[in-house]
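Protein chains in written order, with our numbering: chain G, 4 to 359; chain C, 4 to 359.
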DNA sequence: AAAACAGTTGAAAACGTTTGAAACTGGCGC
DNA sequence: GCGCCAGTTTCAAACGTTTTCAACTGTTTT
């Protein structure tokens, strides 16, 4: 069972392969000729339509197998103007997106539509509005519908159903799924207040997303209702990004009166807070309490585990898929669906103790 | 600047939207009619072909803008049997894939081909061979070429260029890019040996991937060459997955003579080792040294930072894209390209000290 | 004035598929 | 023999493009 004596090594793999030449593409016509029937019959046979004799189907299938025929998606989707593919558009492969996708996939199994995750594969940030371009380009041709994750721009009117998850605010726009960010943010802030903290900072999210604005709003409300003073220097940008969160933290902790607790608008930036704290020799939660938002799996792996506001990400994905299906079936759908958010207390928050 | 007095709340967004109805699709014919020219002229105008008068181009562009015309990808790619899209097929959105994609995107900017990342969006593991199905389905119709990440099955012969990153071993198959796993694994194991460890365990990777087998081979070689005894119980499966890695670790540490160092076949399972160690109250690297493989960004965020073997993931992605371009240009390409792997020593490894 | 020409434009074929309607089978009852 | 039927199969049109080639301009050359 051991590999100690394995003969094959990686060394002998470096051979130059001949120039690539495409195997000739086999069309429905080839199959028809090979099976001795018309193309129409082949089409009906492979699409399991009624009105084809058992024996014929058998013969066609054999020809298909023998020739390795695969229907051209382009051709068939052109003919029916339907591709039976639902696209998932995402900006990046972050944990948030991954969780949502898991939820969508779970819901989509055994349904009539194939699923495709699509990213413009943009490395840098200079290409804004790629969702709009992609949507237009793919819409109605290779996609029958799309679920867009955290779109940064107003989505265009396209000839297919669209659902947005955590969308940019604005009038009109597609149906959307979002969690109750206001209640969640208030609960997070209140949790820190209950622990006795009075200097509580907030690290903002992506300011182009409604969710981020609402979370900031929730933070402000909780602070105000507790009668704590409002201090603009306690609010800094974090862009939902880990390293931005770390930068923001360094700025906050350099203040003359640094905060003793931080509520970050999402988990990534909260993890950035922990990075920066570790780097500065601060212990969490002894020296600094941190709360995040989203509850991505990473929260559990952090040391200490991150207190956060849990969004039901998988459920949101599933809900988005159900909504898409309704729209494809020409049913009425909720314009905006809100799912609950729930505070999950873990190890990154502790009662305030007077500093050294 | 504060949001304290923001009027808009999330509450007023829940309205039922009317049943979805598709905006009529605008075709090239609509544009032609609107601009008072023929469809042929429109096509030439939008594709910036020679032989169209300046004024006509202007008129067509105006019509295009006015009507919001977008060429149907399906139709045009059917006509020229080329879509100018290179697909990236990946199993999941793990850090490994993300890094490689970054490399591909960086290389692909300003090239003639658009990039698309596809995942079958499968949540569970029961669907093996999805790469094969996707490849066949997409090949030659909406994809001109594909880069496949860690394919688990033999890739089919399809009518387009394919490059595999970290592929399954076997004769034939597409050109592939992989790092020198043998040297990397030997270096990792040797590092632990140099630190004085004698009971060194190995957590295997996905046994369907060549890379995992070669890393195991490298481990075995280093152990043998150091004259250390070969102990089968020191090799357990980890499947390249974090929680499997944790499970494997629990098993290893429950042995009568547990290892004092672990070389995991990739970073995810190495992080799993750290999870399990933390859970059992062991301190890394004092009680247990850990080495991973890949050098995904997470390594830096772990506490302590993970010692690992760095693969040039982005460079591998870039290389894959360059290879694809060569193949599309009908040039000869290397059948198998190997890039170097390099040990990066961080905080998760320390000299062996006799246990308590 | 005819011919050649460069610059534009348009008609039509082709890409591979699906589908509604038409045409072909025997078999049956009249 | 005729009409009718259900069960099959094929014809041909359509989907939205791109591209070849012919046709049409107006201008210049012979």
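All residues carry an ideal CB built from backbone N, CA and C; glycine is no exception.
Reduced DSSP category for residue i - H, G, I as helix; E, B as strand; rest coil
{"i": "residue 119(G)", "result": "strand"}
{"i": "residue 284(C)", "result": "coil"}
{"i": "residue 175(C)", "result": "coil"}
{"i": "residue 29(C)", "result": "coil"}
{"i": "residue 311(G)", "result": "strand"}
{"i": "residue 92(G)", "result": "strand"}
{"i": "residue 256(G)", "result": "helix"}
{"i": "residue 158(G)", "result": "coil"}
{"i": "residue 198(G)", "result": "coil"}
{"i": "residue 146(C)", "result": "strand"}
{"i": "residue 354(G)", "result": "coil"}
{"i": "residue 189(G)", "result": "helix"}
{"i": "residue 74(G)", "result": "coil"}
{"i": "residue 114(G)", "result": "coil"}
{"i": "residue 333(G)", "result": "coil"}
{"i": "residue 300(G)", "result": "coil"}
{"i": "residue 46(C)", "result": "helix"}
Rounded separation between residue i and residue j - CA only
{"i": "residue 102(C)", "j": "residue 97(G)", "result": "11 Å"}
{"i": "residue 255(C)", "j": "residue 261(C)", "result": "6 Å"}
{"i": "residue 108(C)", "j": "residue 58(G)", "result": "50 Å"}
{"i": "residue 191(C)", "j": "residue 286(C)", "result": "20 Å"}
{"i": "residue 312(C)", "j": "residue 345(G)", "result": "39 Å"}
{"i": "residue 275(C)", "j": "residue 50(C)", "result": "53 Å"}
{"i": "residue 76(G)", "j": "residue 321(G)", "result": "26 Å"}
{"i": "residue 232(G)", "j": "residue 207(G)", "result": "18 Å"}
{"i": "residue 315(G)", "j": "residue 267(G)", "result": "18 Å"}
{"i": "residue 105(G)", "j": "residue 247(C)", "result": "19 Å"}
{"i": "residue 71(C)", "j": "residue 162(G)", "result": "11 Å"}
{"i": "residue 167(G)", "j": "residue 317(G)", "result": "14 Å"}
{"i": "residue 398(G)", "j": "residue 301(C)", "result": "Nothing about residue 398(G) can be reported from this structure: the residues present for chain G run from 4 to 359 only."}
{"i": "residue 245(C)", "j": "residue 278(C)", "result": "9 Å"}
{"i": "residue 100(G)", "j": "residue 93(G)", "result": "7 Å"}
{"i": "residue 84(G)", "j": "residue 338(G)", "result": "26 Å"}
{"i": "residue 154(G)", "j": "residue 176(G)", "result": "11 Å"}
{"i": "residue 333(C)", "j": "residue 145(C)", "result": "20 Å"}
{"i": "residue 129(G)", "j": "residue 305(C)", "result": "Here residue 129(G) scores only 49 on pLDDT, less than 50, and its place in the model is too uncertain to base an answer on."}
{"i": "residue 249(C)", "j": "residue 348(C)", "result": "22 Å"}
Beta bridge counterpart(s) of residue i as assigned by DSSP
{"i": "residue 266(C)", "result": "205(C), 294(C)"}
{"i": "residue 183(G)", "result": "Residue 183(G) pairs with nothing; no bridge assigned."}
{"i": "residue 240(G)", "result": "207(G)"}
{"i": "residue 168(C)", "result": "152(C), 180(C)"}
{"i": "residue 339(C)", "result": "179(C)"}
{"i": "residue 346(C)", "result": "312(C)"}
Nonlocal neighbours in the same chain, by C-beta distance under 6 Å from residue i, ignoring five residues either side
{"i": "residue 188(C)", "result": "218, 221, 222"}
{"i": "residue 119(G)", "result": "88, 90"}
{"i": "residue 350(G)", "result": "307, 308"}
{"i": "residue 204(C)", "result": "237, 255, 262, 265"}
{"i": "residue 3(C)", "result": "Because residue 3(C) is not part of the residues shown, which for chain C are 4 to 359, the question remains open."}
{"i": "residue 202(C)", "result": "262, 263"}
{"i": "residue 357(C)", "result": "none"}
{"i": "residue 45(G)", "result": "31, 34, 35, 63"}
{"i": "residue 251(G)", "result": "206, 239, 241"}
{"i": "residue 343(G)", "result": "183"}
{"i": "residue 110(C)", "result": "321, 324"}
Chain-order list of residues whose beta-carbon lies under 7 Å from that of residue i (same chain, five-residue window excluded)
{"i": "residue 336(C)", "result": "178, 326, 329, 330"}
{"i": "residue 236(G)", "result": "258"}
{"i": "residue 214(G)", "result": "169, 181, 184, 208"}
{"i": "residue 224(C)", "result": "189"}
{"i": "residue 41(C)", "result": "35"}
{"i": "residue 29(G)", "result": "70, 71, 72"}
Beta-carbon contacts of residue i that lie in its chain and below 8 Å, excluding the five residues immediately before and after
{"i": "residue 352(G)", "result": "194, 195, 198, 264, 288, 292, 293, 294, 310"}
{"i": "residue 142(C)", "result": "149, 161, 162, 163"}
{"i": "residue 340(C)", "result": "178, 179, 180, 181, 322, 326"}
Check: residue i C-beta below 7 Å from any heavy atom of the ligand COA
{"i": "residue 294(G)", "result": "Looking for the ligand COA in the displayed structure turns up nothing, as the structure carries no ligands at all."}
Inset, instruction - Mind the definition here: the stretch 30–50 of chain G touches the stretch 64–77 of chain G only if three or more C-beta pairs lie below 8 Å; say whether that holds. - result: Three or more beta-carbon pairs separated by less than 8 Å link the stretch 30–50 of chain G to the stretch 64–77 of chain G, which places the two stretches in contact.
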